[in-house]
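Heads up: the sequence shown at position 114 corresponds to 118 in the numbering used here, and the numbers run straight through without jumps. Where a beta carbon is used, it is the ideal one built from N, C-alpha and C, also for glycine.
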Amino acid sequence: IFEKSFQMTLFKRTEQAVAELESTLEALKNADEVDISEKKRRLDDAVTTNTSIEQNVSKLRKAAQETDPAVRTYGEQMAAKVLALCDKYDSLQPSIEEVTKKITTAFQEYESVQAKEREKAAKEAAAK
């Protein structure tokens, strides 16, 4: 009974985390007015969250796909819900890659411009 209770809790936590990750990715895609440093920080947080969700999804998927009735944690309906959540999580991965590439590229460009401005300011200060 404790094991089933723990699994349900893990499912609910993972379900909430996947929804939050999805929301964060949408916000990052549409956050043109947000400072690139803030976007990069949010992205880093999302990637860290994604890693922990991945571990939970793996545990849930394994439990939902268990075929031995003696070991099986979930009934048919719950197993279907778990696998649907796993599929939803899997469907977010291309979006994570896309957002990561976009923000990382923009952040590298930003850092490059900042470095050039610092170099220019240092040269101007040295010339005085």
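Taking C-alpha positions only, A50 is separated from V38 by approximately 16 Å.
The beta carbon of S56 lies closer than 8 Å to those of A21 in the same chain, with the five residues before and after it left out. Segment contact: the region 85 to 102 against the region 116 to 124, fewer than three CB-CB distances shorter than 8 Å; contact not assigned. Using a Cβ distance threshold of 8 Å, L29 and L96 count as a contacting pair.
Going by beta carbons, A35 and K44 fall outside the 8 Å limit. Taken through DSSP and simplified to helix, strand or coil, V75 comes out as coil.
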